[in-house]
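All remarks here apply to the structure that follows.
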Amino acid sequence: ISSSPPATSLTAVRPWYIAAAMLNFALGGAAVSGFANVYRYNRDAWMTDVQVTQNRRLQKQNVLLSQVDMFRQDIRDHTGAFSQKQGSYIVVVTLIIGMM
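In the working numbering, the protein residues as written are 425 to 524.
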């Protein structure tokens, strides 16, 4: 009686086992590659969204600053018109008082 292990033990290399391992590695590599592509696409889309959001905020801020400038110019125009009108009234009132 010999004490050597039978040919079907774990020490024997089975061709189907090697093929299954290679298939698993290939499928795993394809899955990782696919995930990397999806991640890269998603990251590019996210970066584009970030840039669009920043540009939108900047544009909104510029519009609000332009609106504030227009309001200030309107106040200057109204103040200037009021001062000119008051100047005209002062001249007319001075002439009327001078005639009395």
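Built from N, CA and C at the ideal position, the CB exists for glycine as well. Predicted model only: the values in this text are computed from it and were never measured.
Practice task
Could you tell me the distance, in whole angstroms, from the CA atom of L514 to the CA atom of T503?
Solution key: It should be pointed out that residue 514 corresponds to Ile in this sequence rather than to Leu. Straight-line spacing of the CA atoms in I514 and T503 works out to 16 Å.
Exercise for the section: Would you tell me roughly how many angstroms separate the C-alpha atoms of Q497 and S490, rounded to the nearest one? Expected result: Near 11 Å, if we compare the C-alpha coordinates of S490 and Q497.
Problem - Coarse secondary structure for T524, derived from DSSP in three states - result: It is worth fixing the name first, because residue 524 is Met in this sequence and not Thr. Reduced to three states, the DSSP call for M524 is coil.
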